[in-house]
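Asker: Can you keep this structure in mind? I'll have questions shortly.
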Amino acid sequence: MEDEASSSARKPKRPRVAPAAAAAAAAWEPHFTYLPIADALKQRPRARVCLFAVVAEIGAAFHSSGTDFTVTLRIVDESRKAGISATFFAQEPDLLPCVKSNGDVISLRDVMVKCYLEEFFIAVDKRLSSFALFESKVSAECSPYQTSKNYHGSKHDKERLTQLRTWLPLGLKDFGLKDLELQLRSLKSDSTFDLVCKVLHVLKHKDKWIFYVWDGTDTPAAEFQAISDAEAVASPALPRELLCTMPCIGTVLRIFSDRPVNKASHMQQGTYWARFCNITCKREFGIWKGVFLKRSRVRLLSHEDGSVVDRLKMYDSRNANKVLHQPMGSFPSNVADEYEEEGYSTLMESLTHPEVTHKVKTLVRVVAFYPCEAYELHLLLRSNYDYSIRLTLEDPTARIDAYVHKQNLVQFFGDSLTEVVVMKKLNKLLGIPESEDGDEVVPMSWNSPWIWCVMSSYYCEKTDPWGSRRYRIVDTTIRD
């Protein structure tokens with residue numbers, strides 16, 4: 001007992017802290033001096049600085065050449081609208097900044113300004129630096145939605161955050177204007193616009209980059225210019241394995257670039273949404289194609305970006321209603337009759353059908369046929385051999401060739417199989433009006449009507465059923 005008492009007596013007593021001093025210590029917060037980006041660039045080499053800025057561009061996160069994961073953001077503020085890149089490293093991808101939307105605000109603590117090849121950038125040390133991300137909305141809370149583990153907030157952050165949120169609408173032109181943002185359903189030829197879409201595939205073909213993009217809507221139906229060969233409008237088919245990864249509703253647009261595009265290699269993964277800024281589009285043989293301009297660029301978007309969320313909601317609503325699967329803006333004509341019991345499918349749904357042989361009803365336009373000359377059609381119809389007439393069909397999702405075989409000609413064209421009658425009905429499918437005096441007139445352009453038709457698939461070679469799959473039109477009749 002004495003030993004315990006004496007031992008206890010020898011222990012130093014904890015010093016008392018005055019109540020006022022304790023309150024002051026609890027109220028203490030670290031104070032950070034946030035520099036404008038332009039001033040940070042003027043600091044001495046390798047000096048550590050603190051920044052509060054707006055995220056203008058989101059980079060792709062990927063595995064670095066070492067053991068870390070890395071991502072690069074481009075940040076801007078009032079002092080430097082051109083911005084500066086900030087590169088982050090972390091042992092796990094979840095530890096990297098995950099920006100919800102372009103225009104969100106980021107706080108960076110103890111980062112270093114460096115220069116490489118005469119270009120400045122921000123280096124973020126994964127051990128010493130810290131960051132926090134805030135929503136860009138003025139009405140949003142001032143608390144961050146993501147912080148690094150060593151980040152500590154300060155009461156002075158709110159003032160700087162409010163300043164940037166107030167400035168952001170004035171600098172919105174640096175991130176893309178909403179009134180220049182189009183969807184695929186509202187494309188216009190030879191206009192300049194922004195397109196928010198999911199990048200499904202990226203292909204480098206010769207000296208061009210081709211982006212296959214989608215936003216869940218359908219491109220407008222186009223008029224066709226006078227052409228003499230159906231092959232001219234047949235688009236090359238992508239491999240079936242790739243087609244099966246693409247949505248079956250909505251147009252997949254191709255965007256072409258003659259120059260290298262930043263982030264293109266990352267977008268080949270088919271998981272990114274992006275904003276294609278300042279692009280244009282045109283139509284070739286009735287097919288829409290996007291085109292890069294000198295001032296065009298690509299910005300990656302988060303799945304939580306407002307524009308992305310809006311498009312996904314619209315697609316989910318369309319996908320839930322079978323009627324809305326049909327082409328946007330289509331008005332089926334009474335040109336053709338078909339059996340009602342067949343269920344509707346888009347052409348892409350048929351192309352990606354798990355079975356080689358199947359039967360579908362679809363809503364399409366005829367954009368070309370072969371043979372397309374009256375004398376060739378005359379020789380074909382008088383032939384004793386098996387033959388077929390090839391129609392090129394399209395809907396917003398795909399363009400395919402389908403055949404009317406000899407045994408289906410009477411059902412499709414009617415009992416009178418003269419070249420005059422057949423050519424007249426084929427022109428009707430193209431939307432070419434009949435001349436009043438009976439003379440054949442080739443118009444400069446035409447607008448094909450939407451028709452219902454039934455198709456069945458078959459294959460020509462047992463050893464290669466998928467590679468030799470073809471389509472025939474059945475159970476469909478063109479009205480007089």
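Numbering (full-length UniProt numbering), first residue to last: 1 to 480.
We put the beta carbon where it would ideally sit given N, CA and C, even for glycine.
Would you kindly work out how many angstroms separate the C-alpha atoms of Val421 and Ile432, rounded to a whole number?
Answerer: One C-alpha to the other measures close to 14 Å.
Asker: Excluding five sequence neighbours on each side, which residues of the same chain lie with their C-beta closer than 7 Å to the C-beta of Ser388?
Answerer: Hits under 7 Å: Tyr403, Val404, His405, Lys406.
Asker: Are the Cβ atoms of Leu301 and Trp273 separated by less than 8 Å?
Answerer: The answer is yes: Cβ separation under 8 Å.
Asker: Nearest by alpha-carbon distance to Leu243: which of Glu159, Ser307, Phe211, Glu349 is it?
Answerer: Checking every option, the nearest Cα to that of Leu243 belongs to Glu349.
Asker: If the criterion is Cβ atoms closer than 8 Å, does the pair Ala132 and Thr147 meet it?
Answerer: Yes.
Asker: Relative to the C-alpha of Met112, which candidate in Ala264, Met246, Leu128, Thr352 has its C-alpha closest?
Answerer: Comparing Cα positions, the closest option is Leu128.
Asker: Going by DSSP in three states, Ile210 sits in which element: helix, strand or coil?
Answerer: Ile210 falls in the strand class under three-state DSSP.
Asker: If you draw a straight line from the alpha carbon of Leu161 to that of Asp305, how long is it in whole angstroms?
Answerer: For Leu161 and Asp305, the distance between alpha carbons rounds to 20 Å.
Asker: How would you write the range of the alpha helix (DSSP H) that Tyr315 sits in, first residue to last?
Answerer: Taken as a continuous stretch (DSSP letters only), the alpha helix (DSSP H) holding Tyr315 covers 306–319.
Asker: Three Cβ pairs or more, each shorter than 8 Å: is that satisfied between the stretch 358–365 and the stretch 384–400?
Answerer: The stretch 358–365, when compared against the stretch 384–400, does touch it at the 8 Å Cβ threshold.
Asker: Report the option in Arg109, Leu164, Glu159, Ala140 whose CA atom is closest to the CA atom of Lys149.
Answerer: The shortest C-alpha separation from Lys149 is found at Arg109.
Asker: In its own chain, which residues sit with a C-beta less than 7 Å from the C-beta of Ser468, not counting the 5 before and 5 after it?
Answerer: If we look at Ser468 and ignore the five residues flanking it on each side, its Cβ neighbours are Tyr459, Cys460, Glu461.
Asker: Please classify Thr397: does DSSP put it in a helix, a strand, or coil?
Answerer: Reduced to three states, the DSSP call for Thr397 is coil.
Asker: Got a sec? Which residues, its chain only, sit under 6 Å from Phe193 by beta carbon, not counting five neighbours each side?
Answerer: Excluding positions up to five away in sequence, the list reads Leu180, Leu182.
Asker: Is Val49 helix, strand or coil when you go by DSSP?
Answerer: DSSP places Val49 in strand when its eight states are reduced to three.
Asker: Closer than 7 Å by C-beta to Met314: which residues in its own chain qualify, once you throw out the five before and the five after it? Chain order, please.
Answerer: Excluding sequence neighbours, Met314 sits near Gly216.
Asker: Within a Cβ cutoff of 6 Å, which residues of the same chain sit near Glu57, ignoring the five residues on either side of it in sequence?
Answerer: Closer than 6 Å at the Cβ level, and outside the excluded window around Glu57, lie Arg74, Arg299.
Asker: Cutting at 6 Å between CB atoms, please list the residues of its own chain near Arg297, excluding the five before and the five after it.
Answerer: Here the set comprises Cys277.
Asker: Which of the three DSSP states is assigned to Glu181 in this structure?
Answerer: Three-state DSSP puts Glu181 in a strand.
Asker: Would you kindly work out how many angstroms separate the C-alpha atoms of Asp157 and Gln163, rounded to a whole number?
Answerer: Spanning the two alpha carbons is a distance of roughly 10 Å.
Asker: For Phe331, does the three-state DSSP call read helix, strand or coil?
Answerer: Here Phe331 sits in coil by DSSP.
Asker: Would you kindly work out how many angstroms separate the C-alpha atoms of Ser143 and Asn262, rounded to a whole number?
Answerer: Their Cα atoms are separated by approximately 33 Å.
Asker: Would you say Thr67 touches the ligand ADP, meaning its beta carbon is less than 7 Å from a heavy atom?
Answerer: As presented, the structure is devoid of all ligands, the ligand ADP included, so that no description of it is given.
Asker: Using the three-state DSSP reduction, which class does Arg390 fall into: helix, strand or coil?
Answerer: Looking at Arg390 - three-state DSSP - the assignment turns out to be strand.
Asker: With a CB to CB cut of under 7 Å and the five nearest residues on each side skipped, what residues in its chain are close to Arg10?
Answerer: In this prediction, Arg10 has a pLDDT of 49, which is less than 50 and means its spatial position is unreliable; what the coordinates show is noted afterwards. Hits under 7 Å: none found.
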